[in-house]
Amino acid sequence: MDTAVEKKTGKKDYKKLILEGFISHVLEHGKEPTSIFKFAKDLKIKESDFYNYFTSFESIKTSIWVALFDETLRQLEEQEVYKEYAVREKFLSFLFTWVEELKKNRSYLLSLYGDKVATFKKLPGDTREFKEKFSDFASELIMEGKETQEIATRPLLTEKYDEALWLQVAFVFRYWLDDTSPRFEKTDAAIEKSVNFAFDLMGKSALDSFLDFAKFLYQTK
Amino acid sequence: MSDKVKEQGSIPVSKVQRAAKFISTGAKVGGNYVKHYAKKMVNPALNREELHQNNASDIYNSLSELKGSALKVAQMMSMDKNLLPRAYQDKFSMAQYTAPPLSYPLVVKTFQKHFQKTPEQLFDTFSRSAINAASIGQVHQATQGVKTFAVKIQYPGVGDSVSSDLKLVKPIALRLLNMNEQELNHYMQEVEERLLEETDYTLEIKRSREISESCSTIPNLRFPKYYDSLSSDRIITMDWLEGKHIKEWMETNPSQVQRNRIGQALWDFYHHQVHNLKQVHADPHPGNFIIQEDGTLGIIDFGCVKVIPEDFYKGYFSLIKKDLLIKEEELNQIFYDLEFISDKDSEEEKNYFKSIFSEMITLLGTPFHVEKFDFSNNEFFNEIFQLGDRIANDKMFKKSNQARGSRHGLYVNRTYFGIYNLLNQLKAEIVTTKPDWLI
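One line per chain: the protein sequences are E and U, in this order.
With the numbering used here applied, the first sequence covers 1 to 221.
With the numbering used here applied, the second sequence covers 1 to 439.
Here you go:
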C-alpha cells in the first residue's frame, strides 16, 4: 500500500502526508478525524493547504480505493502468465490479487467498513472513482470475452455485465470483511466459486438455445 | 443422464446450496424408487439392477459437483464392494479418477501465500491445468532441470467443510447402505477423524517418509521422495512417478510372472504395515498405485493412514486362525471384543449374528488358509457379493438397530477389500503370508 500511495503522490509530499496521516488516524482512533481543521492541525499543515489536494475526507478515502485498484492492476501486469489467461481466469486473478492488497490494509478497512449498516451507506460514495476505473477494466474483459466466445452476446443484458462484475467485487469485499478462516481461505473459495458461477451464467448456455428455439417457433408459426 | 462425465460448471457455494444439491439427489433417488415400484406393478419381473443403476447415476452426478469430503465418501463407498450392488460400484469408480479442477489463478495464489513465489518462479515448468484430481486436492506436474515433480495442492477450506459435508451425506448413506442412524453415527466419527487427518499435509509428509523408509527393504516397491522446501501444509511436492495404473497396465497384456510380481509386492507392502508397523496406508484405490516401466510398483498418497490399536489387532487377526471356528468360547469372546455382538442382543440375535459373522470370516479369510491364493478366481468374489447381498436383504439383519463391528474395523476392512480387489484386477497368484504368531 505504501508504495502505491507513493506512486500516486510522488509529485508533492503534502498529498502523501495527508493520506498517511488519514490512515494512521483511522487506525489509531478507529474512526475518521472529527474535522478537517482538527486533522490539519494535527498534521501541522494549514487547512487551506489541505484543500489544495483534497476537498473532503471522502475524497481521501476515494483515492485510497483507487490506489488499491491501481496497485492490483500493476501486479497483474507483472505476472507473465496473466496475458495468457482466459477472461474467467483474468477476473479470478484480479480478485485474488485485489484481496491480497486489501489484506495489507485490513485494519483500516475494518475500522471504516466493518459495520454492516455503515458499509451500505458509505461504500457507494467512497468507491465512486474506483468503480469507474473498475468498469473500464471490466468492459475490456467483457469485450475480450465476447471475442473469445467465453461470454455470450445477449441484447440489452450484455451491457449490464460490468455492473454484475461490480456486484461481485462488492460481494467479495463484504465476504472478506467477515471472514475469520485462517489465511482467509474461505474468501479464496468464495471467489473461485462465485466467479465460476458468474461466468457460467454469462457464457452460452441452454437458456440461449431455448430462447433461440422459442423465437424460431414464434416466428415460423 | 448421459454416460459421459459432464464438465463441471459451477461448484455449489454455500452450505445451503450444498444442502440443496443433496436434497435434490435425495428427491431423485426417492423418485427412482417410486418409478421402480410403479414399473414393477406393471412388470413384476423387473429387477432391482435397473433401479440401482438410476440411483447410482443421480448420486454420482450430485456428489461429483461437491468437492472434498463428499467426493471422498463416494470413493469410499465405491471401495466397499461388498456393501454396494454392482451398478453403484461402476459409477462410483469414476469418482476415483475424475473431479472438477481448480482454476490456475487460485493455484498461483496458493503458492504465493505459502512461498511468496509463483509456481513459475519456483519451477522451470509447471503445468497450467491439473494432471490428476484427487478428492481434496489436485496434482500438477512440474520440472526443475532434469527432475520431474508431482505437486499436490489442496483446495482451500476443505478442512472446514469436512464436518458439514459428512452431515449432508448422512441421509444418502443411510438409504444407500441400508443402515440406521445409530449405526452410521458409530462409524461417521471414525470417518471424520480420518478425513481431517487427510487435510493435514504436514502429517501426510511425515507419515509418507516413515512408512516408505520402513518398507524400503521390500522388493519391487518404489516410493517417491518428498521435498520439504517445496511443501507446506497445503502443498506437497514429490517425485513424479512415471507409469501406468493397473487397468491401463493390464491392457498391455503382462505375463503371469509380471502380474504375480506386482501383486506380491503389494501383498508384502500391506503385510509389513499391518503386522509390523501397525499403521496402514488405508486408501488402496487404483489411482494410488503406479506400475513403472521396470516392473516395480510405485505407491503414492499416504493421506489416509489408519493406526491399528493393539487390542483390536489381536482380536481381528485371531479370526483368521484356521481352527478357530471350532473353539466356540474363544470365538464368542472375540465377537464381544470386536463389538459384533453385545449384551443388548437377545439370545436369538446373538446366535444369528454369530452364525453370519462366522460365515463371513470363513469366506473372507479363505486366502489366508492356503499357501498360495489365486486372486483371479472370480468365483471367490461372487461368493462375497452374494453373501453381502443376502445379509443386507435379510430381515433379521435390517431389524437390528445396533452398530455391529468395531469402528476400527471400518478402515481395516476397507483396506483388505481394496487389496483383494486390486489383486483380482491383477489376476495375480499370491503367497499369502501370515504373521508368525498365527502360524
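Just so you know, even glycine gets a beta-carbon here, dropped at the ideal spot from N, CA and C.
Since the structure is predicted, the reported quantities are computational estimates derived from the model, not experimental observations.
Local Cβ density within 10 Å of residue i, reported as buried at 16 or more and exposed below that
i: Phe50(E); result: buried
i: Asn82(U); result: Residue placement at Asn82(U) is poorly supported in this model, since its pLDDT is 42, which falls under 50; the coordinates still yield a value, given next. Asn82(U) should be labelled buried.
i: Leu27(E); result: exposed
i: Met202(E); result: buried
i: Ser346(U); result: exposed
i: Ala40(E); result: buried
i: Ala48(E); result: For the sequence presented, residue 48(E) should be read as Ser rather than Ala. Exposed is the call here.
i: Glu215(E); result: The identity of residue 215(E) in the sequence shown is Lys, whereas the question assumes Glu. Exposed, because fewer than 16 other Cβ atoms sit within 10 Å of the Cβ of Lys215(E).
i: Lys395(U); result: exposed
i: Ala142(U); result: buried
i: Pro119(U); result: buried
i: Tyr113(E); result: buried
i: Glu213(U); result: exposed
Own chain residues within Cβ distance below 6 Å of residue i, not counting five before or after
i: Lys61(E); result: Asp126
i: Gly303(U); result: Glu198 and Glu204
i: Gln279(U); result: Val305 and Val307
i: Ala150(U); result: Val139, Met238 and Trp240
i: Val13(U); result: Residue placement at Val13(U) is poorly supported in this model, since its pLDDT is 43, which falls under 50; the coordinates still yield a value, given next. So no residue of the chain qualifies.
i: Leu319(U); result: Ile361
Residue from the options with nearest C-alpha to residue i
i: Val66(E); options: Lys133(E), Glu147(E) and Phe197(E); result: Lys133(E)
i: Thr117(U); options: Gln189(U), Ser231(U) and Asn332(U); result: One detail in the question is off: residue 117(U) reads as Lys in this sequence, not Thr. Checked all of Gln189(U), Ser231(U) and Asn332(U); the closest Cα to Lys117(U) is Ser231(U).
i: Arg234(U); options: Lys109(U), Arg407(U), Phe373(U) and Lys327(U); result: Lys109(U)
i: Val146(U); options: Trp240(U), Ser163(U), Tyr187(U) and Phe115(U); result: Trp240(U)
i: Asp42(E); options: Leu201(E), Ile64(E) and Ser24(E); result: Ser24(E)
i: Leu331(U); options: Lys344(U), Asp345(U) and Lys350(U); result: Lys350(U)
i: Gln189(U); options: Tyr411(U), Ile211(U) and Thr433(U); result: Tyr411(U)
i: His440(U); options: Val158(U), His186(U) and Ser208(U); result: Since the first residue of chain U shown is 1 and the last is 439, residue 440(U) is not available in this structure.
i: Phe137(E); options: Leu110(E), Lys90(E) and Ala170(E); result: Lys90(E)
i: Gln258(U); options: Asp228(U), Gly287(U), Pro284(U) and Gly295(U); result: Gly295(U)
i: Glu77(E); options: Ser93(E), Ile64(E), Ala164(E) and Lys38(E); result: Ser93(E)
i: Arg414(U); options: Ser355(U), His285(U) and Lys372(U); result: His285(U)
i: Lys513(U); options: Ile236(U), Glu120(U), Gly287(U) and Ser255(U); result: Outside the shown range of chain U, which is 1 to 439, sits residue 513(U), and nothing can be said about it.
i: Asp436(U); options: Glu329(U), Gln333(U), Phe357(U) and Phe317(U); result: Phe317(U)
i: Glu185(E); options: His114(U), Ser214(U), Phe417(U) and Glu310(U); result: His114(U)
i: Lys321(U); options: Leu364(U), Ser342(U) and Ile356(U); result: Leu364(U)
i: Phe373(U); options: Lys344(U), Thr433(U) and Ser358(U); result: Thr433(U)
i: Thr148(E); options: Phe130(E), Glu80(E), Leu165(E) and Tyr85(E); result: Tyr85(E)
i: Gln168(E); options: Glu159(E), Glu144(E), Thr158(E) and Val195(E); result: Val195(E)
Residues near residue i in its chain [Cβ-Cβ closer than 8 Å; skip 5 each side]
i: Phe375(U); result: Gly263, Pro367, Tyr420, Leu423, Asn424, Leu426, Lys427, Ala428, Glu429 and Ile430
i: Glu293(U); result: Glu242 and Gly243
i: Arg154(E); result: Asp208
i: Glu251(U); result: none
i: Ile218(U); result: Ala265, Asp268, Phe269 and His272
i: Leu297(U); result: Asn220, Leu221, Arg222, Ile262, Ala265, Leu266, Phe269, Phe289, Ile290 and Ile291
i: Thr187(E); result: Val99, Val172, Tyr175, Trp176, Asp179 and Ser181
i: Glu359(U); result: Leu387
Identified DSSP bridge partners for residue i
i: His281(U); result: Val305(U)
i: Lys132(U); result: A small fix is needed here, since residue 132(U) is Asn in this sequence, not Lys. Per DSSP, Val139(U).
i: Arg222(U); result: Gly298(U)
i: Gln144(U); result: Lys147(U)
i: Ile236(U); result: Lys152(U)
i: Phe289(U); result: Ile299(U)
i: Lys204(E); result: According to DSSP, Lys204(E) bridges with nothing at all.
i: Ile430(U); result: Phe373(U)
i: Thr450(U); result: Since the first residue of chain U shown is 1 and the last is 439, residue 450(U) is not available in this structure.
i: Lys131(E); result: Lys131(E) pairs with nothing; no bridge assigned.
i: Lys244(U); result: Ile291(U)
7 Å CB neighbourhood of residue i in its chain, flanking five on each side removed
i: Ser406(U); result: Phe312, Leu338 and Glu339
i: Thr148(U); result: Gln141 and Trp240
i: Lys46(E); result: Ala40
i: Asp162(E); result: Ser135, Ala138, Ser139 and Ile142
i: Tyr352(U); result: Met396
i: Glu32(E); result: Val26 and Phe57
What residues in the region 27-58 of chain E have a beta carbon less than 7 Å from any beta carbon of chain U?
-> none
Quick one, which residues of the region 151-164 of chain U are near chain E if we go by CB-CB under 7 Å, in chain order?
-> Pro156, Gly157 and Asp160
Given a limit of 7 Å on CB to CB distance, which residues of the region 190-224 of chain U reach chain E?
-> none
Residues in the region 84-106 of chain E having any Cβ partner in chain U nearer than 9 Å | Glu84, Tyr85, Arg88, Glu89, Lys90, Phe91, Leu92, Ser93, Phe94, Leu95, Phe96, Thr97, Val99 and Glu100
Could you please tell me which residues of the region 140-151 of chain E, in chain order, have their CB closer than 9 Å to any CB of chain U?
-> none
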